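**Q** If you read the protein sequences in the order shown, they are chains A and B. Mapping of the first sequence onto this note's numbering: position 48 corresponds to residue 48, and the numbering continues sequentially without gaps. Mapping of the second sequence onto this note's numbering: position 39 corresponds to residue 146, and the numbering continues sequentially without gaps. All C-beta atoms in this analysis are idealised placements derived from N, C-alpha and C, irrespective of residue type, glycine included. All values reported here derive from a predicted model rather than from experimental measurement.
2 protein chains.
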Amino acid sequence: MDEETRNLFRDRAAVMKALAHPTRLFIVDQLGKRETCVCELATMTGADMSTVSKHLLILKSAGIVEDDKRGLQVFYRIKFPCVLKFFDCIEGVLVASAKERLKRYSK
Amino acid sequence: MDEETRNLFRDRAAVMKALAHPTRLFIVDQLGKRETCVCELATMTGADMSTVSKHLLILKSAGIVEDDKRGLQVFYRIKFPCVLKFFDCIEGVLVASAKERLKRYSK
DNA sequence: CCACTATTTGGTTATATTGCCAAATAGAGC
DNA sequence: GCTCTATTTGGCAATATAACCAAATAGTGG
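1) Quick check on the DSSP output: what are the complete beta strand (DSSP E) runs of length 3 or more inside the stretch 56–81 of chain A, in order along the chain?
2) Considering only C-alpha positions, which residue in the set A/50, A/80, A/63 is nearest to residue 32 of chain A?
3) Would you give the residue range spanned by the alpha helix (DSSP H) that residue 3 of chain A belongs to?
4) As a quick exercise: from B/113, B/133, B/153, pick the residue whose alpha carbon is nearest that of residue 191 of chain B.
5) Just to confirm, are residue 108 of chain B and residue 45 of chain A a CB contact at a threshold of 9 Å?
6) Using the Cα positions of residue 22 of chain A and residue 7 of chain A, report the straight-line distance between them to the nearest angstrom.
7) Does the distance from the C-beta atom of residue 198 of chain B to that of residue 175 of chain B stay below 9 Å?
8) Taking only beta-carbon positions, decide if residue 29 of chain A is within less than 9 Å of chain B.
9) Pull out every residue of the stretch 113–126 of chain B whose Cβ sits closer than 8 Å to any Cβ of chain A, in chain order.
10) Distance check for residue 96 of chain A and residue 171 of chain B, CA to CA, integer angstroms please.
11) Contact defined as beta carbons within less than 8 Å: I believe residue 38 of chain A pairs with residue 52 of chain A. What is the distance between those atoms, to the nearest angstrom?
12) For residue 154 of chain B and residue 162 of chain B, what's the separation of their Cα atoms in angstroms?
13) In the DSSP assignment, what residue or residues form a beta bridge with residue 154 of chain A?
14) Name, please, each residue of chain A whose Cβ falls closer than 8 Å to the Cβ of residue 194 of chain B.
15) If you draw a straight line from the alpha carbon of residue 104 of chain A to that of residue 127 of chain B, how long is it in whole angstroms?
16) Between the stretch 23–48 of chain A and chain B, which residues of the former have a C-beta closer than 7 Å to a C-beta of the latter?
17) Quick check on the DSSP output: the alpha helix (DSSP H) that includes residue 35 of chain A runs from which residue to which?
18) Measure how close the beta-carbons of residue 201 of chain B and residue 88 of chain A come, nearest whole angstrom, since I'm counting them as under 8 Å.
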């Protein structure tokens, strides 16, 4: 594997990494419905606002979301809706795993 | 956010996490082309075979790949090709980020 | 059974991530 | 300017990940 290939997969992994957290996935899912401010996301997730803010920074740095300050509040929205479509694929993986587990135990 | 929702996003994140590593992304990409044995993946990635084996276990536990032992070798193949389609989305995110960075510096 | 090869497992150390608290920043309205 | 609210930033302790080496396991062929 050459340097360039290595860099390509490092960069791709960085984007995936940004998505690889329950709270961040929830946030992305929510932003897929409508743009939402930090305070509301904090209430929804039950996490500290500073924690949510950091999660949002991670998503923003990865280029997945963008923000928009209006008055005191900062609204975040999703930049790449294609990310949302991936959830169905994930869901398929989860369902299949659950079925296999079920089959294993019922034998 | 109720317990059930929390669990759902935890499970989804677990799958994303399995994908959120350069070597594992490379492996998934390669398995998308053809099933491949551990030894060849080790050569391709330049990583220790034990390291590759652990990465494969992570992907397998997540339900993304499956294995098939034939003789001394263990071949891995992808179970959910839809994962591969997500790469295009990621690529879009990366290209957009690169463009923005370029624009910022050329001003 | 022995030697050889492919793979997995265990263990250790280094590094990265997370979440909380406290403090800093920034805009709104009196 | 002061105060209140929303957000971000800094710092720290707890936890999770990763990579390497060595050792164990498993199948092959003499």
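**A** According to the structure data:
1) 65–70, 73–78
2) For the purposes of this step, residue 32 of chain A is taken as the residue at position 32 of the first sequence. Answer by Cα proximity: A/80.
3) Translated into the one-based positions of the first sequence, residue 3 of chain A becomes position 3. That run of the alpha helix (DSSP H) goes 3–19.
4) The residue you call residue 191 of chain B lines up with position 84 of the second sequence. Measuring from the Cα of residue 191 of chain B, the nearest candidate turns out to be B/133.
5) The residue you call residue 108 of chain B lines up with position 1 of the second sequence. The residue you call residue 45 of chain A lines up with position 45 of the first sequence. A contact, by the Cβ cut-off of 9 Å.
6) Position 22 of the first sequence holds residue 22 of chain A. Position 7 of the first sequence holds residue 7 of chain A. Their backbone Cα atoms lie some 26 Å apart in a straight line.
7) Taking the first residue of the second sequence as 1, we reach residue 198 of chain B at position 91. Taking the first residue of the second sequence as 1, we reach residue 175 of chain B at position 68. No, these two residues do not count as a Cβ contact at 9 Å.
8) Walking along the first sequence from the start, residue 29 of chain A turns up at place 29. It does; some Cβ of chain B falls within 9 Å.
9) 113, 116, 117, 118, 119, 120, 122, 123, 124, 126
10) Mapped onto the second sequence, residue 171 of chain B falls at position 64. Mapped onto the first sequence, residue 96 of chain A falls at position 96. Those two C-alpha atoms are separated by around 10 Å.
11) The residue you call residue 38 of chain A lines up with position 38 of the first sequence. The residue you call residue 52 of chain A lines up with position 52 of the first sequence. Contact holds; Cβ gap of about 6 Å.
12) In the second sequence, residue 154 of chain B corresponds to position 47, counting from 1. In the second sequence, residue 162 of chain B corresponds to position 55, counting from 1. Cα to Cα, the separation comes out at about 10 Å.
13) With chain A represented from 1 up to 107, any question about residue 154 of chain A goes unanswered, as that position is not in the structure.
14) Here residue 194 of chain B corresponds to residue number 87 of the second sequence, with the count starting at 1. Near residue 194 of chain B (Cβ distances below 8 Å), the residues of chain A are 12.
15) Within the first sequence, the letter at position 104 stands for residue 104 of chain A. Within the second sequence, the letter at position 20 stands for residue 127 of chain B. The alpha-carbon atoms of residue 104 of chain A and residue 127 of chain B are separated by roughly 28 Å.
16) Within the stretch 23–48 of chain A, the residues whose Cβ lies closer than 7 Å to some Cβ of chain B are 25, 26, 44, 45, 46, listed in chain order.
17) Within the first sequence, the letter at position 35 stands for residue 35 of chain A. Unbroken run through residue 35 of chain A: none, as it is neither H nor E.
18) Numbered from 1 along the second sequence, position 94 holds the residue referred to as residue 201 of chain B. Numbered from 1 along the first sequence, position 88 holds the residue referred to as residue 88 of chain A. 22 Å between Cβ atoms; not a contact.
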